[in-house]
Amino acid sequence: MLDELFLQSRDFIRLLNQQYVRYFLKTHTLDHRMSIITGPRGIGKTTTLIQTILKHYPNPISKEALYISADHRSVQSHTLYTIAEAFYKNEGKLLCIDEIHKAENWSGDLKMIYDSFPGLRVIATGSSALELSHGSHDLSRRAVVYSMHGLSFREFIEMETGLALEPLFLEPLIKNHEQQAYEIISAVEGKGRKILGLFGEYLQWGYYPYYKEYSDKKMFAMTLDQQVTTTLESDFLAVFPSFNGLSVRKMKKLMAIIAQSSPFTLEIKVLKEASEIHDDRTLKNYLYFLEKSGLVRFIYRSRTGLRAMEKPEKITLGNPNLIHALGANTGTLRETFFASMVENADHSMILAKKGDFEVDSKYVFEVGGANKTFSQIKGVDESYLALDEIEHGIGRKIPLWMFGFLY
């Protein structure tokens, strides 16, 4: 068993390693005894595992590190505990498990692995929706769970140009955006590119690192569309095994309604009728899964979260690339970009009473095109315009693209 897994691990490491290192790995050491990385499909979790192995064990044939994918046939014929036990007895040090939600009794096995093999470090990746079910066994005192997101605009520029660009903190960005924009644009133009041209590309395909695999970006859009289907058909059932094919069809219908209607003002009654999901609790579970899977984003009017679900809230798709790939309403493209960059950078955000968004209970932003005025946020303290179609800003007018530098 172990010899076969080692050979497969070496092949995966050779084939899946990428040169570009995401910001996630630069800010997370993953040195806890057990780490779980959750996030949507296609954002680079597998690459993160491979790069972590090579960082600590540069020799690709080292038997101290092992990469396995829980959905591979050679792994599914054994329990995760059995594999970890054999690896540990063979002086293994780092076990990386991809797609862990595809393994039967994964949380129970992780608990036993943690308790049985104190010298073994485990890093696992899985669907964002794992957060809904990992409590079935008490992993809270054992595993550190990290959320990983798609590429920021800053990371996309780095991949496209080879530049090394530092992320910006929100308050310095607001106060010093004129100087910062000048420096970034100068660096980008030094590579023969234009910042707004790159921004347009990012909105269409730059959130998912695997865009690099497709010279024909129509193929990328088709792949992303299929990725959404796989999330609904495969990950959903893996996390909620009690559901069935009818549940998946209803989930697909719910996703289609949201995509076609985005931005969708959330009214439970309307959604129940349109999706043919008649039970409130079931509908809320489905919506929560869609949010945790990164397919949609909820924007609340208060910070009470799901408890306020009956109140009108906005739902947008999870990131701008989904809007293009699913043929959704492009009217919220700017707002979706802003929301994804701000929330992915761990800032709190709600709908503002005046303007579009209130961030960190302090700043108010109105998002729009180059000709947007301050009329909707007149008299509001710490209020700013986040404007598309401009390279440079001035005063309280900040280029929208700059919020893609928050992580």
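Using our numbering, count along the sequence shown one by one with no gaps and you end on 1524.
Note that the Cβ used here is the ideal one computed from N, Cα and C, for glycine as well.
A quick note: this is a predicted structure, and the numbers were derived from the prediction, not measured.
Is it right to say Leu1403 is buried, meaning 16 or more other beta carbons lie within 10 angstroms of its own, or is it exposed?
Sequence check: residue 1403 is Tyr here, not Leu. Tyr1403 should be labelled buried.
Please determine, among Ala1220, Leu1268, Val1484 and Phe1204, the residue with the shortest C-alpha to C-alpha distance to Lys1514.
Of all alpha-carbon atoms in Ala1220, Leu1268, Val1484 and Phe1204, the one lying nearest the alpha-carbon of Lys1514 is that of Val1484.
Do you know whose CA, among Gly1444, Leu1282 and Ala1391, lies nearest Val1345's CA?
Nearest option by C-alpha distance: Gly1444.
Where does Arg1150 fall in DSSP's three states?
It is coil, neither helix nor strand.
Under a three-way DSSP split, which group does Ala1203 fall into?
Assigned with DSSP and collapsed to three states, Ala1203 falls in helix.
Restricting to runs no shorter than 4 residues, where is the alpha helix (DSSP H) found entirely within the stretch 1337 to 1411?
If we require 4 residues or more, the alpha helix (DSSP H) runs fully inside the stretch 1337 to 1411 come out as 1353 to 1356, 1362 to 1378, 1385 to 1392 and 1397 to 1409.
Suppose the cutoff is 6 angstroms on Cβ atoms and the five residues either side in sequence are ignored; what does the same chain contact list for Gly1512 look like?
Correct list: empty, nothing qualifies.
Environment of Asn1438 [buried if 16+ CB atoms lie within 10 Å]:
Within a 10 Å sphere around the beta-carbon of Asn1438 sit 16 or more other beta-carbons, which makes this residue buried.
Cut-off 6 angstroms between Cβ atoms - residues of its own chain near Arg1424, not counting five sequence neighbours on either side:
A caution first: Arg1424 carries a pLDDT of 45, below 50, which makes its placement in the model too unreliable to give a value.
Going by beta carbon distance, what residues of the same chain come within less than 7 angstroms of Lys1219, once the five residues before and after it are set aside?
Only Ala1187, Asp1188 and Ala1355 meet the Cβ criterion.
With respect to the beta strand (DSSP E) encompassing Thr1433, which residues constitute its N-terminal and C-terminal limits?
For Thr1433, the uninterrupted beta strand (DSSP E) segment begins and ends at Lys1431 to Leu1434.
Once you ignore the five residues that flank Asp1477 on each side, which residues in its own chain have a CB closer than 6 angstroms to its CB?
The beta carbon of Asp1477 sits closer than 6 angstroms to the beta carbons of His1464 and Ser1465 from its chain, once the five residues preceding and following it are set aside; these are given in chain order.
Pick out whichever of Leu1132, Asp1120, His1145 and Thr1155 has its Cα sitting closest to the Cα of Lys1180.
Of the candidates Leu1132, Asp1120, His1145 and Thr1155, the one whose C-alpha sits nearest the C-alpha of Lys1180 is Asp1120.
Check each candidate in Tyr1405, Val1413 and Gly1309 and name the one with the smallest Cα separation from Ile1375.
Closest by alpha carbon: Val1413.
For the beta strand (DSSP E) that Glu1483 lies in, which residues bound it at each end?
Segment Tyr1480 to Gly1485, the beta strand (DSSP E) holding Glu1483.
Are the CB atoms of Pro1157 and Ala1298 within a distance shorter than 7 angstroms?
The Cβ-Cβ distance between Ala1298 and Pro1157 does not fall below 7 angstroms.
Considering only the alpha carbon of each residue, which of Thr1490, Phe1273, Lys1489 and Asp1473 lies closest to Phe1482?
Of the candidates Thr1490, Phe1273, Lys1489 and Asp1473, the one whose C-alpha sits nearest the C-alpha of Phe1482 is Asp1473.
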